[in-house]
Structures are given as C-alpha cells and as structure tokens.
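Accompanying notes for the structure given below.
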Amino acid sequence: MGKRKGLAVIWMLCISMVLCSGCRRERKGQEIESIRIGVTVYDQYDTFVSQLMESFKIYARKKTGETGIAINIDVYNASASQSTQNAQVEEMLENGCDVICVNLVDRTDPTTIIDMAENDNVPVIFFNRELVAEDLERWNQLYYVGAKAFESGIMEGEIAADAFKKDPAADKNGDGIFQYMILEGEAGHQDSIVRTEYSVSTITDNGIEVEKLGYAIANWNRAQAQTKTAQMLNEYGEKIELILANNDDMALGAIDALKAAEIDPQDWPVIVGIDGTDVGLEAVKNGEMAGTVYNDKEGQARGMLDLAYALATEGDTSVLNLEDGKYIRLPYQKILSEDVYRYLK
Ligand code: GAL
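Just so we're aligned: the sequence shown equals residues 63 to 407 in our numbering.
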C-alpha cells in the first residue's frame with residue numbers, strides 16, 4: 063500500500079471511530095431524556111399482579127431519581143381477552159413504546175404479539191405467565207421475568223407437612239392420614255400445574271400419607287374459591303383436614319366459606335396459600351392460615367424494570383445475569399407466623 067493510500071485508510075478509520083463512539087454515546091443512557099414502557103396485564107383485578115404493578119411503578123420512580131431519565135409507563139388491562147391484548151400491543155407499538163411488557167392472557171398464544179414486535183424491532187418482556195421455551199426462542203429480543211414455580215409447591219407442601227407433624231389436632235380423625243382438598247388456579251397455567259403436583263408430593267416425601275377428597279379450579283379468585291369450598295364443605299364437612307390453595311386469594315376464599323358456614327375456628331382445617339399478598343400476610347399473622355410462600359413481587363418488578371430500562375436505553379443486559387440470556391427467575395420464601403412481621407409493610 064502506498065504512503066498516501068495508507069494515510070487515507072487511517073483517516074477513514076478515525077472518522078468512523080468518532081462517528082461510532084458518537085452514536086454509541088448517544089444511545090447510552092445519559093443522553094436519552096425519557097423512555098416509554100408499555101405494559102399489558104391479563105387482569106388488573108388479580109391481587110398478586112396488581113401488587114406487582116404497584117412495585118413496578120415504585121421502582122420506575124426510583125430509577126428516574128437515580129438516572130434523571132423520565133420513565134413513562136402505559137398500563138393496559140387485557141380483561142382476560144387475548145385479542146384485546148393483541149390490539150393493546152399494536153397500539154403501544156404505534157405509540158412508540160421502547161419496550162413492551164406482556165402478562166399474557168393465554169400463555170400458549172404469544173404468536174401475534176411476537177410477530178408484531180419483531181416487525182417493529184421492539185423488545186418484549188413477558189412476565190408472570192410463562193410461555194413455552196420454544197416460543198421464547200423465536201426471536202432474540204424476547205425475555206421472561208417470573209419465579210421458580212416448583213419451589214413454591216415444595217415450600218407449600220413443607221408448611222403443610224410440618225403443621226401435621228407438630229400439631230396432633232391437625233389429624234382430626236386420628237387415622238394418621240392427611241385428608242385434603244385443593245384449590246387450583248387457572249387450568250393450564252404453569253403455576254397451577256406445578257404447585258398442585260409439588261405441594262402434594264412434598265407432603266408424601268415427608269413421610270405423611272395423604273388422601274385427596276376433592277379439588278376445584280377457582281382461577282386464582284377469592285369469590286370462586288369461596289363457592290367451591292362451600293360445596294366441598296357440604297360434601298365432606300369435618301373430614302377435610304387440609305386445604306391447599308395454589309394462591310393466597312383462593313385460601314382466603316376458603317376461609318370466607320368456613321366463616322360463612324359458622325364453623326368454629328378450632329375445627330378449621332390447616333390452610334396454606336402462596337403469594338404473601340398483603341391480605342395473605344394478614345391471614346398468616348392472625349393465625350387463619352398456617353403459612354404462605356412469598357412470591358417475590360418486588361424482586362420480579364425490579365428485575366422487569368431494570369431489564370426494560372437496559373433494553374430501552376440500549377444499555378448492557380450482561381450485568382443482570384440473565385439465565386440463558388433471556389430469563390430472570392426469582393426464588394420463593396416460606397412465611398410462617400413467626401416470619402410474617404418481616405414481610406408486613
Ligand atoms: C401467580 C400468582 C397468582 C396469580 C397468577 C396470575 O404467580 O401466584 O396469585 O396472580 O400468577 O398469573
């Protein structure tokens with residue numbers, strides 16, 4: 063290469079380095095004044111999801127305080143309709159959201175959302191309602207934030223097994239077998255499936271024989287759980303020694319049914335929930351529930367916010383330690399009455 067040609071190449075390299083570092087700096091957080099995050103929840107009346115969203119907004123305000131970047135959050139309620147949710151995502155994309163967070167209505171049906179987002183090159187963070195791994199592999203800008211579902215079932219089973227071992231009164235008929243009924247969340251939801259399976263298998267793994275009296279799907283919902291429990295109380299009455307609920311709201315529905323039936327609290331079955339929502343914690347505190355399992359809404363909200371922020375500002379996601387480059391999964395924690403004060407606000 064001649065001397066002149068060599069100089070020209072170096073000159074070109076210098077210009078492109080300046081340009082590149084210029085655009086990189088521009089994309090990095092500091093020079094962006096605001097970002098817009100669109101969120102759609104499957105049902106805004108779901109207790110756990112609504113508390114998770116409250117935490118999300120709190121962390122967003124904190125992040126704005128730390129970074130000086132305004133974080134605008136548009137929250138939509140899909141009201142349990144996948145087609146409504148798809149239309150909401152379309153609107154968020156039209157409105158220029160930098161990232162979209164989706165609490166899927168139907169976790170088996172993310173295709174329309176993935177296609178629209180990929181088309182507009184806007185990353186999607188799915189949360190709480192986990193899509194199958196193959197769907198998350200369909201584009202490299204898809205993420206999931208949630209919890210380690212099987213842990214919650216194991217912990218719920220441990221709480222129930224300990225209650226049976228520690229308190230002879232839990233075995234009301236004294237036959238050495240734990241007669242139970244179970245209240246399940248939505249059919250097909252990863253948490254319903256896994257919690258139902260692991261809670262029961264953990265009790266038997268702890269050496270306690272169980273007998274299933276009945277089960278009911280109450281869709282995470284307190285009122286539905288009350289109705290279903292009332293039916294089972296009519297059928298099995300005193301025989302029920304344990305009520306396992308896939309979440310706290312359904313455990314509280316079961317308590318509502320026991321109260322409505324005017325059953326003396328001394329004769330109540332052992333009741334265990336999952337989530338550690340405010341109302342759930344209150345029921346553990348006052349002894350109505352033997353315990354619950356903390357579904358770390360703060361951790362999930364913070365993980366989702368940090369990830370959304372990183373993606374929107376084209377920051378570095380490597381500091382977030384994503385599992386397989388795509389997942390944030392928070393651990394659960396057991397809460398008994400002696401621990402409840404650490405969790406109450
Ligand atoms: C679960 C939670 C339930 C319900 C459900 C909604 O993780 O324990 O209470 O909120 O998510 O998808």
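By construction, the Cβ of each residue, glycine as well, lies at the ideal position given by its N, Cα and C atoms.
{"query": "From which residue to which residue does the beta strand (DSSP E) around residue 295 run?", "result": "Not the beta strand (DSSP E): residue 295 falls in the alpha helix (DSSP H), residues 284 to 298."}
{"query": "Rounded to whole angstroms, what's the CA-CA distance from residue 264 to residue 205? Just pull it up for me.", "result": "31 Å"}
{"query": "Can you find at least 3 beta carbon pairs, one from the region 309 to 319 and one from the region 277 to 291, that sit closer than 8 Å?", "result": "yes"}
{"query": "Residue 114 bridges to which residues according to DSSP?", "result": "Partner(s): none; residue 114 has no beta bridge."}
{"query": "Using 8 Å as the threshold, is the region 295 to 311 in touch with the region 240 to 251, meaning 3 or more CB pairs across them?", "result": "yes"}
{"query": "List the whole-angstrom C-beta distance separating residue 277 from residue 215, where the pair is believed to meet the contact cut-off of C-beta under 8 Å.", "result": "Incorrect: roughly 14 Å between the Cβ atoms, too far for contact."}
{"query": "Between the alpha carbons of residue 158 and residue 364, how many angstroms are there, rounded?", "result": "23 Å"}
{"query": "Answer yes or no: the CB of residue 209 versus the heavy atoms of the ligand GAL, is any distance below 8 Å?", "result": "yes"}
{"query": "Output needed for residue 83: all residues of its chain with C-beta closer than 7 Å, excluding positions within five of it in sequence on either side, in chain order.", "result": "Only weak support exists for where residue 83 lies, its pLDDT of 30 falling under 50; the value from the coordinates is given anyway. Hits under 7 Å: none found."}
{"query": "Classify residue 403 as buried or exposed, calling it buried when 16 or more other Cβ atoms lie within 10 Å of its own Cβ.", "result": "exposed"}
{"query": "Is residue 132 near residue 104, with beta carbons less than 9 Å apart?", "result": "no"}
{"query": "Go through its chain and collect everything with a Cβ distance to residue 385's Cβ below 7 Å, but skip five positions before and after it.", "result": "391"}
{"query": "Verify the contact flag: residue 357, CB atom, against every heavy atom of the ligand GAL, threshold strictly below 8 Å.", "result": "yes"}
{"query": "Quick check: what's the CA-CA separation for residue 367 versus residue 359?", "result": "12 Å"}
{"query": "Between residue 100 and the rest of its own chain, which residues show a CB-CB distance below 6 Å, the 5 nearest in sequence each way excluded?", "result": "136, 154, 159 and 162"}
{"query": "Which residue from 224, 279 and 118 puts its Cα closest to that of residue 397?", "result": "224"}
{"query": "Put residue 234 into one of helix, strand or coil per three-state DSSP.", "result": "coil"}
{"query": "Examine the Cβ distances between the region 344 to 363 and the region 116 to 126 and report whether three or more of them are shorter than 8 Å.", "result": "yes"}
{"query": "Would you mind reading off the limits of the beta strand (DSSP E) that contains residue 139?", "result": "132 to 139"}
{"query": "Taking the alpha carbon of residue 410 as the point to measure from, which residue in 307, 231 and 289 has its own alpha carbon closest?", "result": "An answer regarding residue 410 cannot be provided, because it is not within the stretch 63 to 407 covered by the chain."}
{"query": "Secondary structure at residue 162, three-state DSSP: helix, strand or coil?", "result": "strand"}
{"query": "Could you tell me the distance, in whole angstroms, from the CA atom of residue 407 to the CA atom of residue 399?", "result": "15 Å"}
{"query": "Are there any heavy atoms of the ligand GAL lying less than 8 Å away from the beta-carbon of residue 260, as far as the coordinates show?", "result": "no"}
{"query": "In the DSSP assignment, find the unbroken beta strand (DSSP E) run with residue 273 in it and report its ends.", "result": "271 to 279"}
{"query": "Got a sec? Which residues, its chain only, sit under 7 Å from residue 232 by beta carbon, not counting five neighbours each side?", "result": "225, 226, 303 and 332"}
{"query": "Entirely within the region 337 to 390 and at least 3 residues each: give me those beta strand (DSSP E) ranges in chain order.", "result": "353 to 356"}
{"query": "Would you check whether the ligand GAL has a heavy atom nearer than 8 Å to the C-beta of residue 111?", "result": "yes"}
{"query": "Could you check how far apart the C-beta atoms of residue 210 and residue 389 are, in whole angstroms? I think they sit under 8 Å.", "result": "About 10 Å separates the two Cβ atoms, so there is no contact after all."}
{"query": "So for residue 249, helix, strand or coil by DSSP?", "result": "coil"}
{"query": "Just tell me which of 186, 166 and 342 has its CA closest to the CA of residue 147.", "result": "166"}
{"query": "Would you give the residue range spanned by the alpha helix (DSSP H) that residue 179 belongs to?", "result": "173 to 182"}
{"query": "Candidates 244, 173, 144 and 194: which alpha carbon is nearest residue 293's?", "result": "244"}
{"query": "Would you mind reading off the limits of the beta strand (DSSP E) that contains residue 333?", "result": "332 to 334"}
{"query": "According to DSSP, is residue 323 helix, strand or coil?", "result": "coil"}
{"query": "Looking at residue 342 and residue 311, is the spacing between their C-beta atoms short of 9 Å?", "result": "yes"}
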